[in-house]
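Residue 91 in numbering that gives the first Met the number 0 sits at position 92 of the sequence shown, and the numbers go up by one each step. Just so you know, even glycine gets a beta-carbon here, dropped at the ideal spot from N, CA and C. Just so it is clear, the structure is predicted and the values come from calculations on it, not from any experiment. A short worksheet on the structure shown next.
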Amino acid sequence: MTSHSSQTSYTLIKNGTLITASDTFTADILIQDEKIALIGQDLDIPDAKTIDAAGKLIMPGGVDPHVHLDLPMFGTVSSDDHYTGHKAAAFGGTTTVMDFVPQDAPDLLMNVTAWREKADPKAAIDFGFHMNITQFNAEIAAQIPDLVSAGITTLKVFTAYNGRLRLDDGEIFQVLRIAKEHGMLTMLHAENGDVIETLVAEALAAGHTSPEWHARTRPAWGAVDAVLRGAALAAQAGAPLYVVHMNTAGGVDMLQYARERGLPIMGETTPPYLFFTVDDLCRPDGAKWICSPPMRSQADNARLWEALGEGLIQTVGTDHCPFFYDGATPILYEGEEIAIPGKELGAGDFTKIPNGLPGVEDRLPVLWTEGVGTGRLTPNQFVALTSTNPAKIFGLYPRKGALVPGADADIVIWDADRELTYGAAHAHHRTDYNLYEGWKLKGYPEKVFLRGNLIVDGDVWLGKAGMGQFLKREPGAETI
Ligand code: URP
Ligand code: ZN
Ligand code: ZN
């Protein structure tokens, strides 16, 4: 490093303990502009801005494979947009999120363009898109390969939400085949839509309207059946499959069944499914826990933890899709009062409660405290589940999810000793509640870099709308 142009910027992070998906070691990291330039011992770069990270952990920025920002649903909209959701993600140590494009217009690429018009000016961290395929015909089949040129290599299909989002088995099979042919990956929302429709109609007719009926009308067996069916359809199509937001022990058993037979089937869970149960939906404020698929039992929580430890489930995302609990009462967000209709829309009818939870900021600190802090996960497994594996599965590795020269300098300096009482007042989600209200956490991001730019410094936000980049992804990503 003898000479360089005056425009080049160097940051040297010294003496930190690097945690990757496979290794733990002490080293210095040199950031040159947006990239990691060097990792080594006793680096001395006179012009570099130097940060002493002695006693701190250094991890690749989190990659959240599953968020829903600014998504219209249930007569309202998810309350974080592509700025507020990205900012919250960054404070939690996540520097890449993957959002879902709804299939509203008949032309797939028109939907992508519309979603980019919303996201691009607001984006504060890097982001990619998955495309929902919720209507299928020969025209849509012909358009799917065009998504690849737009940088979208992943498709989400649903076995629930009859008449709205669900495809039938034949359609899912065809999507899987097209995806396989073009190096794309299909993602599956696994529930049994037919059983749900029947049980919901019966529950309402019987006057059961409280939040717990959301879970009672979506039985766990529906997820078990749908995971196995999805795996079997993928096997028949010769295609890989990624099962999103897994919430049941039985679903994990089916994932295990498929993987033991050598099928390229992968799974994701989210933190709430590791902690909460249908009992939380029985609380007076149970609407706060309403999402699909729903919270289940402690046995399901335990099996999901086990699956993370065993590597049976590959990723922890969030399915971040926040709504206000009381959308009639404003909160202060960046100095402005804001209120967005939310869970109160379903007072008196559980079917009208917007489905979705906040969580993009909670993911890393909560999983660290409850996973690494309790010995259920090693720090390396934590990095694999929250950063490296999603980067690999979604075609972003090693640009994202890796601490190697040439990777984007998306870096979290993690203070494993920081203790705090967490909750809505601490978090940056644009909503009025937090699922982990009052939880004692130990371990928290101290500094967060996005492509070499310091965007979070302690409690200070240095990021800006528009600095996040859309990630065009290549087909043919790894299955792990
Ligand atoms: O309740 C949820 N999860 N809402 C978001 C949509 C989905 O199915 O992921
Ligand atoms: Zn889903
Ligand atoms: Zn989702």
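Look up residue i in the DSSP assignment and say whether it is helix, strand or coil.
i           : result
residue 392 : helix
residue 134 : coil
residue 322 : coil
residue 73  : coil
residue 66  : strand
residue 156 : strand
residue 267 : strand
residue 9   : strand
residue 438 : coil
residue 242 : strand
residue 55  : coil
residue 4   : Low confidence applies here, because residue 4 scores a pLDDT of 49, under 50, leaving its location unreliable and the question unanswered by this model.
residue 421 : coil
residue 336 : strand
residue 295 : strand
residue 448 : strand
residue 145 : helix
residue 432 : coil
residue 40  : coil
residue 342 : helix
residue 405 : coil
residue 103 : coil
residue 443 : strand
residue 359 : coil
residue 317 : coil
residue 193 : helix
residue 463 : coil
residue 352 : coil
Please confirm whether residue i and residue j have their CB atoms less than 9 Å apart.
i           : j           : result
residue 78  : residue 362 : no
residue 313 : residue 266 : yes
residue 284 : residue 443 : no
residue 135 : residue 166 : yes
residue 304 : residue 375 : yes
residue 81  : residue 122 : yes
residue 342 : residue 325 : yes
residue 53  : residue 14  : yes
residue 36  : residue 400 : no
residue 255 : residue 308 : no
residue 319 : residue 84  : yes
residue 273 : residue 317 : no
residue 359 : residue 96  : yes
residue 59  : residue 456 : no
residue 38  : residue 56  : no
residue 451 : residue 33  : yes
So is residue i buried or exposed if we call it buried at 16+ other beta carbons inside 10 Å?
i           : result
residue 105 : exposed
residue 462 : buried
residue 48  : exposed
residue 439 : exposed
residue 346 : exposed
residue 367 : buried
residue 43  : exposed
residue 169 : exposed
residue 3   : Note that residue 3 has pLDDT 47, beneath the 50 cutoff, so the model's placement of it is unreliable and no number is given.
residue 24  : exposed
residue 382 : buried
residue 386 : buried
residue 10  : buried
residue 246 : buried
residue 1   : In this predicted model, residue 1 has a pLDDT of only 37, less than 50, meaning its place in the structure is not dependable enough to derive any value.
residue 260 : exposed
residue 459 : exposed
residue 369 : buried
residue 6   : exposed
Return the bridge partner residues of residue i from the DSSP annotation.
i           : result
residue 125 : 95
residue 260 : DSSP, once it has assigned bridges, lists no residue as partnering residue 260.
residue 187 : 156 and 242
residue 15  : 26
residue 199 : DSSP output for residue 199 lists no bridge partner at all.
residue 111 : Residue 111 is not bridged to any residue.
residue 61  : 93
residue 413 : 56 and 444
Counting Cβ pairs closer than 8 Å, one from the region 270-283 and one from the region 325-335, do we hit at least three?
-> The answer is no - the region 325-335 does not touch the region 270-283, with fewer than three Cβ pairs under 8 Å.
Tell me, please, whether the region 286-299 touches the region 392-406 by the rule of three or more beta-carbon pairs shorter than 8 Å.
-> Flag = no, the region 286-299 and the region 392-406 do not touch.
Taking 8 Å as the threshold, find out whether the region 410-421 comes into contact with the region 443-457 through three or more Cβ pairs.
-> At 8 Å Cβ cutoff, the stretches touch.
Go through the residues and name those whose CB comes closer than 6 Å to any heavy atom of ligand 4, in chain order.
-> The model on display carries ligand 1, ligand 2 and ligand 3 but not ligand 4.
Decide if the region 178-197 is in contact with the region 148-168; the criterion is three or more beta carbon pairs, one per stretch, under 8 Å apart.
-> The region 178-197 vs the region 148-168: in contact.
Per the contact definition of three or more C-beta pairs closer than 8 Å, is the region 142-149 in contact with the region 193-210?
-> No: fewer than three Cβ pairs fall under 8 Å.
Segment contact, 8 Å Cβ cut-off, at least three pairs: the region 212-223 with the region 174-184 = Under the 8 Å Cβ criterion, the region 212-223 does not count as touching the region 174-184, having fewer than three qualifying pairs.
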